[in-house]
Amino acid sequence: MTVATAQPRHRIRPRVAPWAFLAPAIVLFTLFLVLPIGYAIYLSFVGLRVQGGAFGTRQQVFVGFENYINALTDPELVASLGRLATFGFISVPITLGGALLVALLLDLPRVRFARFSRTAIFLPYAVPGVIATLLWGFMYLPTTSPINYVLSAIGWPTINFLGAQGIFGSLANIAVWASLGFNMIVLYTALRSIPVEVYEAARLDGASEWQIARLIKIPLLAPALLLTLIFSLIGTLQAYSEPTTLKSMSNSISNSFFPLMKVYRDAFGVDNVSGAAAMSVVLALGTLAVSVVLLRVLQRRTFEGTR
Amino acid sequence: MKRSALFRGVVGTAVLATAIGLTACAPAAEDDGPVTLTYWTWAPAVPDAVEVWNEQNPDIQVKVEQPAGADDIIAKVLAAQRAGEGPDMFAAEYQKVPNLVLSGAGYDISDLVSDFSDEFTDANWSLVTVGDGVYGVPQDTGPMVYLYRADIFEQNGWTPPTTWDEYADLAAQVRATGAYLGGFPDDGATLAGYAMPLGAQWWSTDGDSWSVDIDGAETTRVVDFWEPLVREDLISTTHFFTPEWNTQMNDGSIVSWAAGAWAPGTIASVAPDTAGLWRIAKMPTWDGETSAGLFGGSSAMVGSTTKHPEEAVKFLEWLNGSDEGSSLLAQGGLFPASVAGQAALSDLPVPEMVSGQDDFWELAADIASDTVSFTWGPNVQIAFDTYSDTVRAALDSGAPFSDALVAAQDKVVSDLKTTGFTVK
Numbered sequence: 001m002t003v004a005t006a007q008p009r010h011r012i013r014p015r016v017a018p019w020a021f022l023a024p025a026i027v028l029f030t031l032f033l034v035l036p037i038g039y040a041i042y043l044s045f046v047g048l049r050v051q052g053g054a055f056g057t058r059q060q061v062f063v064g065f066e067n068y069i070n071a072l073t074d075p076e077l078v079a080s081l082g083r084l085a086t087f088g089f090i091s092v093p094i095t096l097g098g099a100l101l102v103a104l105l106l107d108l109p110r111v112r113f114a115r116f117s118r119t120a121i122f123l124p125y126a127v128p129g130v131i132a133t134l135l136w137g138f139m140y141l142p143t144t145s146p147i148n149y150v151l152s153a154i155g156w157p158t159i160n161f162l163g164a165q166g167i168f169g170s171l172a173n174i175a176v177w178a179s180l181g182f183n184m185i186v187l188y189t190a191l192r193s194i195p196v197e198v199y200e201a202a203r204l205d206g207a208s209e210w211q212i213a214r215l216i217k218i219p220l221l222a223p224a225l226l227l228t229l230i231f232s233l234i235g236t237l238q239a240y241s242e243p244t245t246l247k248s249m250s251n252s253i254s255n256s257f258f259p260l261m262k263v264y265r266d267a268f269g270v271d272n273v274s275g276a277a278a279m280s281v282v283l284a285l286g287t288l289a290v291s292v293v294l295l296r297v298l299q300r301r302t303f304e305g306t307r
Numbered sequence: 001m002k003r004s005a006l007f008r009g010v011v012g013t014a015v016l017a018t019a020i021g022l023t024a025c026a027p028a029a030e031d032d033g034p035v036t037l038t039y040w041t042w043a044p045a046v047p048d049a050v051e052v053w054n055e056q057n058p059d060i061q062v063k064v065e066q067p068a069g070a071d072d073i074i075a076k077v078l079a080a081q082r083a084g085e086g087p088d089m090f091a092a093e094y095q096k097v098p099n100l101v102l103s104g105a106g107y108d109i110s111d112l113v114s115d116f117s118d119e120f121t122d123a124n125w126s127l128v129t130v131g132d133g134v135y136g137v138p139q140d141t142g143p144m145v146y147l148y149r150a151d152i153f154e155q156n157g158w159t160p161p162t163t164w165d166e167y168a169d170l171a172a173q174v175r176a177t178g179a180y181l182g183g184f185p186d187d188g189a190t191l192a193g194y195a196m197p198l199g200a201q202w203w204s205t206d207g208d209s210w211s212v213d214i215d216g217a218e219t220t221r222v223v224d225f226w227e228p229l230v231r232e233d234l235i236s237t238t239h240f241f242t243p244e245w246n247t248q249m250n251d252g253s254i255v256s257w258a259a260g261a262w263a264p265g266t267i268a269s270v271a272p273d274t275a276g277l278w279r280i281a282k283m284p285t286w287d288g289e290t291s292a293g294l295f296g297g298s299s300a301m302v303g304s305t306t307k308h309p310e311e312a313v314k315f316l317e318w319l320n321g322s323d324e325g326s327s328l329l330a331q332g333g334l335f336p337a338s339v340a341g342q343a344a345l346s347d348l349p350v351p352e353m354v355s356g357q358d359d360f361w362e363l364a365a366d367i368a369s370d371t372v373s374f375t376w377g378p379n380v381q382i383a384f385d386t387y388s389d390t391v392r393a394a395l396d397s398g399a400p401f402s403d404a405l406v407a408a409q410d411k412v413v414s415d416l417k418t419t420g421f422t423v424k
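Protein chains in written order, with full-length UniProt numbering: chain C, 1 to 307; chain B, 1 to 424.
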């Protein structure tokens, strides 16, 4: 009798309990991630096609890979990726280099005003992107720019911040201003977790602060640098609010300036949700591929280096 | 045992949730009793007029909602209709009407409107007609007028240009003083307004197929006129309603602007320091043509998901066609599309920006009485976006402006074909 009841209990518990614990996560994950992604993929294979002459109505029909072919052969999308690359080549190295420099400086022994500097550098990260862009936008606009006011007051040529060339630097500047603090905090936190004994040993051996930074701190920071690099790349691919906000101030920003602006325009401006869905899938897969390749290539070197 | 309890709990919750959902969705309007119509619009003039209607018509109550501005209304309406919550009526700019109709968002009211279509000019009525169907009622319109700084013109002895050749000469004179006469059409709406009097028809239908003529001779003539002025820096390249433009309008660096008759109301917030210094004149002409182009304006469409099309049309007729409704709209700052509404304008005080021009309303109504008939196509936004992106890029690259028309033409044609239309 006791044996008979004990056995099924033994079997049921491991079958139900894990699922019960997992249920909330699975439900939320399915509802808010799997289903929307599935719906986006479904949308990317259908399209609105008109039936019945010049004034027929659009019906949703299955179109196979047509949306994908259109997305991949769309010169606008390719051009927008090119512009994004230009923006990324300027903003990512400056952000990471700047964040690393500031983190190392703040980690020096006997540094003054460390807490104030840390907060001041981190603060822009708390300013929403749209507001940051508006603030910078008025710094760029010819009639309101204090920079150009000073330049013209001392007789120097003014800078066209919002022209076809200047716009990349201007956008990158906003991105660097906004994200440098966040990356600095990540790197600084990683620095603080390095045991002080390592530095003591180095100082006993007569190493200078510069040598400590170059030979100890930076190699030990490699995992954190890799993390910030991937965050920055993904953040770059998602750049949207800055150029969209600056668009009304500059003739150089088109409706499809960056890929996500094109996705938004296609979905909600010209009513081509399916094309936008296909482009989103392509962009998501591209981001995934870049992240995985980077991790594979850099992780091996990074963690070999730390050993 | 445990599992079935869990299951029952889940089912119970689901049933409860559905029940709550059903009560929330329970239709407010039955066949008997008062009908409540929802009306999506962005126009600030509408809510006040609706209040008057609701007092007089307890059986047809209208509820105004403002879910989106003019640019987002298509996406919002289509999404809401797919979710089964489409509005009974919604505002749509004229160039968006064909797109909405072909997306199945509009209700054909042609059987309900025959007795009041003559309250509008043919040009305005054609804007809510798609194929054989009528899908809305014109609300406000934008016959193009030439708005200029009378004080600056007078100081310098300039007169408003009556032809575009005079405009080009004047642009050089104004530039010599450091200011700009105006801006060039870097957006599709302004460009179309300039090209309409020349007889440009960007979209037209012939039987079951569409024809597209964005890069035709008429529109090419317009961009060819502006290009040298821009290249010689005689004309500003700042787009209207940007912060930079607002500043220049306010401080006198831009001394004229061609826009719809609604313009004096719109720039009140843009250039508040210049109130009373502006006047309107008729647009400069290309070859002495008399009909004015249209820039802006919107209609009130009836939604395909409505259960009360007759009540909706009754309300829209009152709002847009009747003396009472359209003069309420005019008081609220709209330039009404109906003949009655435009007649009612002369009783209104002249807008603050042009105060001093006593014949403002008479002149505006005179211009509005003779406007060009223009057909918008199913993918206007593609033409607008492609044109403005390409022409702005041409500012830096030096490519001819007419390339932007070719680009827009190609994009529009290929989009029509992809969507399944026959294009000639």
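We treat Cβ as the ideally placed atom computed from N, Cα and C, and that holds for glycine.
Keep in mind it's a predicted model, so treat the numbers as computed, not measured.
Candidates the options, of which the one nearest residue i by Cα
i                    : options                                    : result
residue 428(B)       : Val130(B), Tyr148(B), Pro349(B)            : In the structure as shown, chain B starts at 1 and stops at 424, and residue 428(B) therefore has no counterpart that could be examined.
alanine 114(C)       : Ser170(C), Tyr188(C), Ile154(C)            : Tyr188(C)
alanine 222(C)       : Thr144(C), Val186(C), Glu197(C), Val130(C) : Val186(C)
glycine 265(B)       : Asp385(B), Pro351(B), Gly182(B), Pro228(B) : Pro351(B)
proline 400(B)       : Gln331(B), Val223(B), Gly332(B), Ser326(B) : Val223(B)
alanine 150(B)       : Leu348(B), Ser256(B), Ser388(B)            : Ser256(B)
threonine 62(C)      : Leu123(C), Phe45(C), Ala289(C)             : According to the sequence shown, residue 62(C) is phenylalanine rather than threonine. Checking every option, the nearest Cα to that of phenylalanine 62(C) belongs to Phe45(C).
lysine 282(B)        : Val52(B), Pro197(B), Ala383(B), Asp415(B)  : Pro197(B)
phenylalanine 374(B) : Val212(B), Phe421(B), Trp262(B)            : Val212(B)
leucine 246(C)       : Gly297(B), Thr141(B), Trp226(B), Thr242(B) : Thr242(B)
leucine 348(B)       : Glu362(B), Ser402(B), Asp287(B), Trp42(B)  : Glu362(B)
aspartate 48(B)      : Ser126(B), Gly420(B), Gly325(B)            : Gly325(B)
glycine 136(B)       : Phe315(B), Gly420(B), Ala168(B)            : Phe315(B)
aspartate 140(B)     : Phe421(B), Asn320(B), Leu100(B), Gly398(B) : Asn320(B)
Contacts of residue i in chain B (Cβ-Cβ under 8 Å)
i                 : result
methionine 249(C) : Thr242, Pro243, Glu244
arginine 49(C)    : Thr419, Gly420
Exposure of residue i, with buried meaning 16 or more beta-carbon neighbours within 10 Å
i                 : result
alanine 193(C)    : In the sequence on display, residue 193(C) carries serine and not alanine. Exposed.
aspartate 208(B)  : exposed
alanine 20(C)     : exposed
tyrosine 39(C)    : exposed
glycine 12(B)     : At glycine 12(B), the pLDDT of 42 sits below 50, so the modelled position is not reliable; the number obtained from the coordinates is stated separately. So glycine 12(B) counts as exposed.
threonine 390(B)  : buried
tryptophan 210(C) : exposed
aspartate 385(B)  : buried
isoleucine 121(C) : buried
arginine 83(C)    : buried
lysine 424(B)     : exposed
serine 114(B)     : exposed
valine 176(C)     : buried
leucine 416(B)    : buried
glycine 178(B)    : exposed
serine 110(B)     : exposed
threonine 244(C)  : buried
glycine 21(B)     : Only weak support exists for where glycine 21(B) lies, its pLDDT of 40 falling under 50; the value from the coordinates is given anyway. Exposed, since its Cβ has fewer than 16 Cβ neighbours within 10 Å.
Beta-carbon neighbours of residue i, restricted to chain B and to distances below 7 Å
i                : result
leucine 141(C)   : Pro243, Glu244
threonine 189(C) : Correct list: empty, because the minimum Cβ distance to chain B is about 40 Å.
Listed by chain order, chain E residues near residue i by CB distance under 7 Å
i              : result
alanine 164(C) : Structure shown: chain E not included; protein chains present are C and B.
Segment limits, beta strand (DSSP E) that includes residue i
i                   : result
leucine 147(B)      : 136 to 149
methionine 89(B)    : 89 to 93
leucine 294(B)      : 294 to 302
phenylalanine 62(C) : 57 to 62
glutamate 244(B)    : Note, glutamate 244(B): premise wrong, no beta strand (DSSP E); alpha helix (DSSP H) at 243 to 251.
alanine 281(B)      : 278 to 281
threonine 220(B)    : Here threonine 220(B) belongs to no beta strand (DSSP E); instead the alpha helix (DSSP H) covers 217 to 231.
Chain C residues whose Cβ lies nearer than 9 Å to that of residue i
i             : result
serine 236(B) : Those within 9 Å of serine 236(B) in chain C number zero; the least Cβ separation is about 11 Å.
Assumed close pair residue i, residue j - CB separation to whole angstroms, cut-off 8 Å
i              : j                 : result
valine 102(C)  : methionine 184(C) : 5 Å
alanine 275(B) : alanine 268(B)    : 7 Å
Listed by chain order, chain C residues near residue i by CB distance under 7 Å
i                 : result
tryptophan 210(B) : Ala54
isoleucine 74(B)  : Asp271
Partners in chain B for residue i, counting only beta-carbon separations shorter than 9 Å
i               : result
arginine 265(C) : Gln381, Asp385
threonine 57(C) : Val101, Leu102, Ser103, Gly104
Delimiting residues of the alpha helix (DSSP H) encompassing residue i
i               : result
tyrosine 167(B) : 164 to 176
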